[in-house]
Every structure is written in structure tokens, then in C-alpha cells.
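J.: Residue 154 in UniProt numbering sits at position 154 of the sequence shown; the count goes up by one each step and never skips.
Submitted below is the structure of interest, expressed as C-alpha cells.
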Amino acid sequence: MLVALFTAGLLLAPAPAPPPPRPLREALRVEPGATCLTADALADAATTWLGHDTIDASVARIDVRGDPTRPHSVAIALEIRGELVERTLDPPRPTCNDLHALVGLAIAIAVDAAVLEGLGYEVIEPGEQSVPQAQDPERPPLQRRSRRGETNEAPARRASVSVVAAVRGGAWLGVLPGLAGGGGAQLELGWRRWVDLRAGLFGGYGGPRAIDAGTVVTPSLVGGRLDVCAALARPRVRPRLCFGPAGGALQSGAKTPGVQAVVAPWVALMVATELRIWATKRFAFDLAVDLVVPVVRPVLAERDPSKQGMVGQSLPVPPVGAVVSLGVAFTIR
Numbered sequence: 001m002l003v004a005l006f007t008a009g010l011l012l013a014p015a016p017a018p019p020p021p022r023p024l025r026e027a028l029r030v031e032p033g034a035t036c037l038t039a040d041a042l043a044d045a046a047t048t049w050l051g052h053d054t055i056d057a058s059v060a061r062i063d064v065r066g067d068p069t070r071p072h073s074v075a076i077a078l079e080i081r082g083e084l085v086e087r088t089l090d091p092p093r094p095t096c097n098d099l100h101a102l103v104g105l106a107i108a109i110a111v112d113a114a115v116l117e118g119l120g121y122e123v124i125e126p127g128e129q130s131v132p133q134a135q136d137p138e139r140p141p142l143q144r145r146s147r148r149g150e151t152n153e154a155p156a157r158r159a160s161v162s163v164v165a166a167v168r169g170g171a172w173l174g175v176l177p178g179l180a181g182g183g184g185a186q187l188e189l190g191w192r193r194w195v196d197l198r199a200g201l202f203g204g205y206g207g208p209r210a211i212d213a214g215t216v217v218t219p220s221l222v223g224g225r226l227d228v229c230a231a232l233a234r235p236r237v238r239p240r241l242c243f244g245p246a247g248g249a250l251q252s253g254a255k256t257p258g259v260q261a262v263v264a265p266w267v268a269l270m271v272a273t274e275l276r277i278w279a280t281k282r283f284a285f286d287l288a289v290d291l292v293v294p295v296v297r298p299v300l301a302e303r304d305p306s307k308q309g310m311v312g313q314s315l316p317v318p319p320v321g322a323v324v325s326l327g328v329a330f331t332i333r
């Protein structure tokens, strides 16, 4: 009789209640690396996407690790029911707020697939080794692997190529005889914010310059340049070093018959140190200092009227010049 009563009591006893949800901040661990991520801001972003600040007790931990060198590359790992779910994000040039929002959304999707439905995506029913995902081929899939050592090969990452247009203007010191002013426009192709290939056009005007008491010239220069740049990726700022050849035409601008080389070729090597400061995701300010070393140096001169074929007074281009310029840049893609 006692055995029967004990057995009936076990059968009628209520099932144990599931563990209560736990605060998201308790499971979240952030290692920012070179990124601007913070645990508090990331928890707020994920909470906004989820609609609440708690997660299921089956989520043991959420690890967010920023890349030590790339300021926009983030790896996310979640341990759910003994399984490890991983994803890597590498968006092109997001602002700090955008990066927090993207990582927070990735966490919310991994924790609760209902977030995808709220965004209008179709959710695939998970199988034995699958993870709920959006039907979007442009988004890299989440990877799930067993803690016992089963691994899935990550998808190949596409190279991140950017296109930036920039306009600058500033002071020319020694590029033309004396002090001059000029500006230019350029187009840049960048790969992962480390290497840029740049092509540009420029022009400058030096104002009136006297060769002697009777001859005045107004030198000007128009040309183009091709540079290769190496950059450091930092949040909000991007210092870089550029070098390459430049060529163009120097015009004397004089109408005096005695002046030689009214238009002459000009070739130089240019080395630039630059700093780009991003004001928004697409708009930035540029500060640049260029060192200009002419390889072909035109000489503005007048003929000596007393000796046929001889040169009298001359106005040479300095052996070294510099350009200090300010400008704006706009990201096309």
C-alpha cells in the first residue's frame, strides 16, 4: 500500500519549472580589441532589438571579441545548450553607433529567431545541425559547431573594396618659384582600409614673378599624379603614407618675346603624409602635407640681347617643394 501511494505521488507531482530567464548583461563578455565596442552600449543595443533585457537560461555565455588590428571586425560566439554558435562581422567603415547596432542585432538573432520575423525575414525551421537564419544570400550564415570538436569550414570572405572621391586646396611652397596656391581632385580605390591606389589632377598659380626689371612672368602648373598609399585603420581617423610620380606642364604666362620655354614639361616624385578624419559614415575631412622633388625642372629665362643664343636672367623651379592642403572626401561605395 505504501509503495502504491508513493508511486502515485511521484506521478501526480508537478513537473519541475524551467529555469527563469537570466539578465543579458550577466552572459555578455566583451573584448573590444581595436574596435570601439563597450559592454554597456552593446547590451543596450541587443536589448533594443530583443525588446527585453533578459535571455533564456539555455544561453550560457555570449562572447564578443574585436579584432586587435581592424577597428570594424568583430567575432561573436554564443554557447547555447552545449553548442557553440559563431559569426564574424566585418562591415565597411561603420560609425561607432552603427557597429554597436549591427553586433547587437547579430546577438539578438542568435538568441531569439523571432527577431528575424519582426524584421520581415522568413525563418527556416532548424534541423539537427542547423541554425535559424534569414533567406538572404548576401548575409554570411551562422556557423554552429559541437564543443566535442566538430568544426565547419567558414565561408570565404570577400575583399572589401571602397571608392572615395576627394577635393583639396592649399598652399604650394617651392613647387613654383615663390609662394603659390592650388588645388586638385582625386579618386581612390581602397582595399580593406589598408592599401589605396589613387589617381588625381591638380593645378596651381604662382602670381606675377619678375625675371628682371623689364620681364614679368606668371607661372602656373597643371598635371596629374598616381599614388600608392599604406594606411592604418583606426576608429574615426585614418593616417596614411602615399608616394608616386607626378607630371604636367609648367606655363610661364609671359607675353614678353624674350622669355624662353613658355610651356615646359614638369616631372616630379611626391611623398605625402595624410590624416583623414571621418565626420560621418561617408563624409570626411583631409589634412595632407606633400613633399615634391622635381625630376625635370623647367627654367624660366630670357635671352641675352647682346649675345645670340645665350640666356640672360632666369627664374628656376626650386629643387624641393611642399604642398600643405585641406580638403573633403566622400565615400562612393
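Glycine residues also receive a C-beta, built at the ideal position from the N, C-alpha and C atoms.
Relative to the alpha-carbon of R282, which residue among D98, P298 and V324 has its alpha-carbon at the smallest distance?
T.: Locating residue 282 in the sequence shown gives position 282, counting from the first residue. Selected option, being the one with the closest Cα: D98.
J.: Is DSSP giving V85 helix, strand or coil here?
T.: The count along the sequence shown starts at 1 and reaches residue 85 at position 85. In this structure, V85 counts as strand in the three-state DSSP scheme.
J.: Cα-Cα, which of L179, A75, T35 and D196 is closest to R276?
T.: One-based indexing of the sequence shown puts residue 276 at position 276. R276 has its Cα closest to that of D196, out of L179, A75, T35 and D196.
J.: I need the straight-line Cα distance from P265 to C36, nearest angstrom please.
T.: On the sequence shown, position 265 is the one that residue 265 refers to. On the sequence shown, position 36 is the one that residue 36 refers to. Roughly 49 Å between the two C-alpha positions.
J.: Rounded to the nearest angstrom, how far is the Cβ of P208 from that of L250, given a contact under 8 Å?
T.: To locate residue 208, count along the sequence shown from 1; it is residue 208. To locate residue 250, count along the sequence shown from 1; it is residue 250. Incorrect: roughly 16 Å between the Cβ atoms, too far for contact.
J.: Using a 10 Å radius around the Cβ and a threshold of 16 neighbouring Cβ atoms, would you call I332 buried or exposed?
T.: The count along the sequence shown starts at 1 and reaches residue 332 at position 332. With fewer than 16 other Cβ atoms within 10 Å, it is exposed.
J.: Alpha carbon to alpha carbon, how far is R29 from L105? Give it in angstroms, no decimals.
T.: Position 105 of the sequence shown, counted from the first residue, corresponds to residue 105. Position 29 of the sequence shown, counted from the first residue, corresponds to residue 29. Roughly 16 Å separates the two Cα atoms.
J.: Helix, strand or coil: which one does DSSP assign to A60?
T.: Within the sequence shown, residue 60 is the residue found at index 60, counting from 1. Residue state, collapsed to three classes: strand.
J.: So if DSSP puts P239 in a beta bridge, which residue, or which two residues, is it bridged to?
T.: Here residue 239 is taken as the residue at index 239 of the sequence shown, counted from 1. According to DSSP, P239 bridges with L275.
J.: Checking 8 Å against the spacing of the C-beta atoms, do A34 and D67 come in under that value?
T.: Taking the first residue of the sequence shown as 1, we reach residue 34 at position 34. Taking the first residue of the sequence shown as 1, we reach residue 67 at position 67. In this structure, D67 lies closer than 8 Å to A34 by Cβ.
J.: Alpha carbon to alpha carbon, what distance is there between V267 and L187?
T.: Within the sequence shown, the letter at position 187 stands for residue 187. Within the sequence shown, the letter at position 267 stands for residue 267. Cα to Cα, the separation comes out at about 21 Å.
J.: Tell me which residue opens and which closes the beta strand (DSSP E) that residue 389 is part of.
T.: What is shown of the chain runs 1 to 333, which leaves residue 389 out entirely.
J.: Would you mind reading off the limits of the alpha helix (DSSP H) that contains R25?
T.: In the sequence shown, residue 25 corresponds to position 25, counting from 1. Residues L24 to A27.
J.: Got a sec, what are the start and stop residues for the alpha helix (DSSP H) D112 sits in?
T.: For the purposes of this step, residue 112 is taken as the residue at position 112 of the sequence shown. From DSSP, D112 is part of no alpha helix (DSSP H); its letter is neither H nor E.
J.: Per the DSSP calculation, P21 is bridged to which residue(s)?
T.: Translated into the one-based positions of the sequence shown, residue 21 becomes position 21. DSSP output for P21 lists no bridge partner at all.
J.: Can you tell me which residues form a DSSP beta bridge with G203?
T.: The residue you call residue 203 lines up with position 203 of the sequence shown. As a beta-bridge residue in DSSP terms, G203 pairs with G183 and V222.
J.: DSSP three-state label for residue 338, please.
T.: The structure shown has nothing for residue 338, since the chain only spans 1 to 333.
J.: What would DSSP say about G327, mapped onto helix, strand or coil?
T.: Residue mapping note: residue 327 aligns to position 327 of the sequence shown, counting from 1. Here G327 sits in strand by DSSP.
J.: Note down the Cα distance separating L173 from V296, rounded to an integer number of angstroms.
T.: The residue given as residue 173 occupies position 173 in the sequence shown. The residue given as residue 296 occupies position 296 in the sequence shown. Rounded to whole angstroms, L173 to V296 spans 17 Å at the Cα level.
J.: Could you pull the start and end residues of the alpha helix (DSSP H) that D212 belongs to?
T.: Residue numbering aside, residue 212 sits at position 212 when the sequence shown is read from its first letter. From DSSP, D212 is part of no alpha helix (DSSP H) but of the beta strand (DSSP E) over R209 to D212.
J.: Could you confirm whether any beta carbon from chain C is found closer than 8 Å to the beta carbon of D212?
T.: Any reference to chain C falls outside this structure, which holds one protein chain only.
J.: Which first and last residues belong to the beta strand (DSSP E) in which T215 is found?
T.: Along the sequence shown, one-based indexing puts residue 215 at 215. Note, T215: beta strand (DSSP E), T215 to V217.
J.: Should T215 go down as buried or exposed, given a rule of 16 or more other Cβ atoms within 10 Å for buried?
T.: Within the sequence shown, the letter at position 215 stands for residue 215. By the neighbour-count rule (16 or more Cβ atoms within 10 Å), T215 is buried.
J.: If you check the beta carbons only, do V161 and W191 fall under 8 Å apart?
T.: Numbered from 1 along the sequence shown, position 161 holds the residue referred to as residue 161. Numbered from 1 along the sequence shown, position 191 holds the residue referred to as residue 191. The answer is yes: Cβ separation under 8 Å.
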